[in-house]
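Structure first, then comments.
Number of protein chains: 2
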Amino acid sequence: MTELEKGPQGQRRGRGARERVLGASQQLFRDQGINRTGMDQLCAVAQVSKRTAYQHFASKDELVAEYLRRFDPDVMPGVFDRTDLTPRERLLATFELPASTPLCPYIAAAVELHDPQHPASQYARDYKTAIAARLTETAREAGATNPEQLGEQLALLLDGASARTQVLNSDSVPTAAAIAAVIIDNAIPAPSAQPTGERVTTGSAPVPVRGQ
Amino acid sequence: MTELEKGPQGQRRGRGARERVLGASQQLFRDQGINRTGMDQLCAVAQVSKRTAYQHFASKDELVAEYLRRFDPDVMPGVFDRTDLTPRERLLATFELPASTPLCPYIAAAVELHDPQHPASQYARDYKTAIAARLTETAREAGATNPEQLGEQLALLLDGASARTQVLNSDSVPTAAAIAAVIIDNAIPAPSAQPTGERVTTGSAPVPVRGQ
DNA sequence: TCTTATAAACACCGACCTGTGTACTTAACG
DNA sequence: CGTTAAGTACACAGGTCGGTGTTTATAAGA
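Take a look at the structure:
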């Protein structure tokens, strides 16, 4: 543990087996789905022997749960810490996802595993609840009349965009962003301005934010 | 083919093999998911020999596609034909789903199969597009300024409710309905009334309608 | 009745799956 | 150096999967 991580260009095979397995999981579970990714293929991509993989993770189910827990630690939560944006702008920035964002891995896991008791499904619930709480908190800062309601509504829009993008195979995030703009303005009592007509699109600054 | 269907109480085993297979598909694919349902179990539930099942469906993939095509022919489309409702009420009635509605099978199939080229995934796209078109049409009747936009937005809300219900394991349809009420009112230029404050819930008549 | 389509029964195949047992190698650290 | 933890290689078990071959039974239509 002394030589810690051996620099940015990680060595191909050797000591960092666990991290390589998790890295391969992120790639393969996203690209192929969980059920269609076998442990043999996963270990081959990770360049880790299967025996070693099973010494770090008791089962594939546990690996899937850990894969969700470790999923890109700084995806969306980063949006909520942007002090350069107003609370309202932060809520809208949530919908500034890159054009081709894969299906939210939490939704994917919940659907693929199809078992609410599965550790990964439980964590997916926790994560989704946490995101909604963050949105609620920001909605409160933004002065929403009913922050819990707005937070839950925005969370539903994010999930809807993700699911619909997956089914239609075309980006639905802008549609969700347009709805968000309407319901945000509707939920925050305007100090002076009029409540916006119809052509409502998120015309804020381009924000490089990912995740769902 | 003359004795057609043999009455309401279908005979257990015998001539109606194809329909029994499709019936078992609807039950098992919904309850267990597609990937977790093997053909052996499916044929056992359908009380059809596996050999016969494969004489009606060339492969499981084809069965899945046909299962989607046959999925409860009168689920949601029925809402759009209710002449006793105004167009706006019809749009809102779309969200009057029973408390515990399973995940939309089209979303489930698209996520589980994880292949946009799969026949079932293609049909899921077609179906989702058709529903959006119906919503758009109704939105136009309701006098929406931008019917295409409103139709697509409502479709996204339905998908979001379905996906989020699956992940959270708790009903998200009312949340989607509340959003729908807001964006519908926002998209239809009000003849005289004010554009609604905040406490917007679908207070229409209870309509027994299912599907997504 | 005879004919023919439909279905049942049931064993079976090859591929793939998760997970393990065993023996060998390598790298870190004292 | 030697010790010890980490990893490799590889075969293999036990199960499930989708799909097939073969033979026999049965019900419908002529």
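Same order as they appear, the protein sequences are chains A and B.
Numbering that gives the first Met the number 0 puts the first residue of the first sequence at 0, with every later residue one more than the last.
Numbering that gives the first Met the number 0 puts the first residue of the second sequence at 0, with every later residue one more than the last.
Cβ coordinates follow ideal geometry from the N, Cα and C atoms, glycine included.
Please check if any C-beta of chain B sits within less than 8 Å of the C-beta of Leu155(A).
Position 156 of the first sequence, counted from the start, is the residue given in the question as residue 155(A). So yes, Leu155(A) belongs to the interface.
Does any C-beta atom of chain A lie closer than 8 Å to the C-beta of Ser171(B)?
Walking along the second sequence from the start, residue 171(B) turns up at place 172. Yes, Ser171(B) counts as interfacial toward chain A.
Taking only the alpha-carbon atoms, compute the straight-line gap between Thr36(B) and Tyr53(B) and give it to the nearest angstrom.
In the second sequence, residue 36(B) corresponds to position 37, counting from 1. In the second sequence, residue 53(B) corresponds to position 54, counting from 1. Rounded to whole angstroms, the separation of the alpha carbons of Tyr53(B) and Thr36(B) is 16 Å.
Just checking: is the beta-carbon of Arg107(A) within a distance shorter than 8 Å of some beta-carbon in chain B?
What you label residue 107(A) is simply residue 108 of the first sequence in a count that begins at 1. Reading the sequence as shown, one finds Ala at residue 107(A) and not Arg. By this cut-off, Ala107(A) is an interface position.
Would you mind reading off the limits of the alpha helix (DSSP H) that contains Val47(A)?
Translated into the one-based positions of the first sequence, residue 47(A) becomes position 48. That residue, Val47(A), is in no alpha helix (DSSP H); it is neither H nor E in DSSP.
Within 8 Å (strictly less), CB to CB, does Gly159(A) reach chain B?
For the purposes of this step, residue 159(A) is taken as residue 160 along the first sequence, with counting starting at 1. So yes, Gly159(A) belongs to the interface.
Of all the options Ser169(A), Ile33(A), Ile187(A) and Ala160(A), which has the alpha carbon lying nearest to the alpha carbon of Ala177(A)?
Within the first sequence, numbered from 1, the residue matching residue 177(A) stands at position 178. Looking at the Cα atoms, Ala160(A) is the closest of the given residues.
Arg14(B) CB to nearest chain A CB: under 8 Å?
The sequence position of residue 14(B) within the second sequence is 15, counting from 1. With 8 Å as the cut-off, Arg14(B) does not count as an interface residue toward chain A.
Determine the burial state of Ser120(A): buried for a count of at least 16 other Cβ atoms within 10 Å of its Cβ, exposed for fewer.
Along the first sequence, read from residue 1 onward, the residue named residue 120(A) stands at position 121. With a 10 Å radius around the Cβ and a threshold of 16 neighbouring Cβ atoms, Ser120(A) comes out buried.
Can Asn34(B) be considered in contact with the ligand ADP, in the sense that its beta carbon sits closer than 7 Å to one or more heavy atoms?
Although the ligand ADP was asked about, the structure shown includes no ligands whatsoever.
Are Leu111(B) and Ile183(B) touching if we call contact CB-CB under 8 Å?
Numbered from 1 along the second sequence, position 112 holds the residue referred to as residue 111(B). Numbered from 1 along the second sequence, position 184 holds the residue referred to as residue 183(B). Reading off the sequence, residue 111(B) comes out as Glu, not Leu. No; because the gap between Cβ atoms is not below 8 Å, this pair is not in contact.
Is it right to say Gly13(A) is buried, meaning 16 or more other beta carbons lie within 10 angstroms of its own, or is it exposed?
Indexing the first sequence from 1 puts residue 13(A) at position 14. Classification for Gly13(A): exposed.
Please name the residues in the segment 29 to 42 of chain A whose beta-carbon is closer than 8 Å to at least one beta-carbon of chain B, in chain order.
Gln31, Gly32, Asn34 and Arg35
Using the beta-carbon of each residue, which ones in chain B are nearer than 7 Å to Val110(A)?
Translated into positions along the first sequence, residue 110(A) becomes position 111. Residues of chain B passing the Cβ test: Leu102, Ala107, Val110, Glu111 and Gln165.
From His113(B), Val181(B), Ala186(B) and Pro190(B), pick the residue whose C-alpha is nearest to that of Val167(A); which is it?
Counted from its first residue, the first sequence places residue 167(A) at position 168. According to the sequence displayed, residue 167(A) carries Leu and not Val. Among His113(B), Val181(B), Ala186(B) and Pro190(B), the Cα nearest to that of Leu167(A) is on His113(B).
Within 10 angstroms of the Cβ of Arg69(A), are there 16 or more other Cβ atoms? Answer buried if so, exposed if not.
Position 70 of the first sequence, counting from 1, holds the residue named residue 69(A). Classification of Arg69(A): exposed, given that the 10 Å Cβ count is below 16.
Can you find a C-beta in chain A that's less than 8 Å from the C-beta of Val47(B)?
As a first step, residue 47(B) is located in the second sequence; it is residue number 48 there, counting from the start. Taking 8 Å as the CB threshold, Val47(B) stays off the interface with chain A.
Between which two residues does the alpha helix (DSSP H) holding Leu112(A) run?
Counting from 1 along the first sequence, the entry for residue 112(A) is found at position 113. Per DSSP, Leu112(A) belongs to the alpha helix (DSSP H) from Pro104 to Leu112.
Please list the terminal residues of the continuous alpha helix (DSSP H) segment that includes Glu151(A).
Here residue 151(A) corresponds to residue number 152 of the first sequence, with the count starting at 1. Pro146 to Leu167 is the extent of the alpha helix (DSSP H) around Glu151(A).
Which of the three DSSP states, helix, strand or coil, is assigned to Arg14(B)?
Walking along the second sequence from the start, residue 14(B) turns up at place 15. Looking at Arg14(B) - three-state DSSP - the assignment turns out to be coil, as it is neither helix nor strand.
Thinking Ser58(A) and Leu41(A) are a contact (beta carbons under 8 Å), I'd like their distance in whole angstroms, please.
In the first sequence, residue 58(A) corresponds to position 59, counting from 1. In the first sequence, residue 41(A) corresponds to position 42, counting from 1. That belief does not hold up - the Cβ atoms of Ser58(A) and Leu41(A) are roughly 13 Å apart, past 8 Å.
Within the chosen definition, does the segment 136 to 156 of chain B reach the segment 87 to 97 of chain B through at least 3 CB pairs nearer than 8 Å?
yes
Identify the continuous alpha helix (DSSP H) that holds Ser120(A) and give its terminal residues.
Here residue 120(A) is taken as the residue at index 121 of the first sequence, counted from 1. It spans Pro118 to Glu140 - the alpha helix (DSSP H) in which Ser120(A) sits, taken as one unbroken run.
Which same chain residues end up closer than 8 Å to Lys127(A) when comparing Cβ atoms and leaving out the 5 residues on each side of it in sequence?
The residue labelled residue 127(A) in the question sits at position 128 within the first sequence. Cβ within range, chain order: Tyr105, Ala154 and Asp158.
I'd like the span of the alpha helix (DSSP H) that includes Thr174(B), first residue to last.
Locating residue 174(B) in the second sequence gives position 175, where the first residue counts as 1. Unbroken alpha helix (DSSP H) run through Thr174(B): Val172 to Ala186.
Consider the Cβ of Gln25(A): report whether some Cβ of chain B lies at a distance smaller than 8 Å.
Numbered from its first residue, the first sequence carries residue 25(A) at position 26. Chain B contact via Cβ: absent.
Taking a Cβ distance cut-off of 9 Å, strictly less, list which residues of the segment 52 to 79 of chain A are near chain B, in chain order.
none
Taking C-beta pairs closer than 7 Å, name the residues in chain B that Ala123(A) reaches, listed in chain order.
In the first sequence, counting from the first residue as 1, residue 123(A) sits at position 124. Per Cβ cutoff of 7 Å: Val166.
I want to see whether chain B comes within less than 8 Å of Val44(A), judged by CB atoms only; does it?
Counting from one through the first sequence, the residue named residue 44(A) turns up at place 45. Judged by the 8 Å Cβ criterion, Val44(A) is not in contact with chain B.
What did DSSP end up calling Arg19(B) once you bin it into helix, strand or coil?
Within the second sequence, the letter at position 20 stands for residue 19(B). Arg19(B) falls in the helix class under three-state DSSP.
Measure from the C-beta of Thr174(B) to each C-beta in chain A and report whether the shortest distance is under 8 Å.
By one-based count along the second sequence, residue 174(B) stands at place 175. Output row for Thr174(B): interface = yes.
Apart from the five residues on each side of it in sequence, which residues of its chain come closer than 6 Å, Cβ to Cβ, to Val20(B)?
To locate residue 20(B), count along the second sequence from 1; it is residue 21. Excluding sequence neighbours, Val20(B) sits near Ala45, Val47 and Ala52.
Taking 8 Å as the CB-CB cut-off, is Ala162(B) touching chain A?
The sequence position of residue 162(B) within the second sequence is 163, counting from 1. Chain A, which has a Cβ nearer than 8 Å to the Cβ of Ala162(B), makes this yes.
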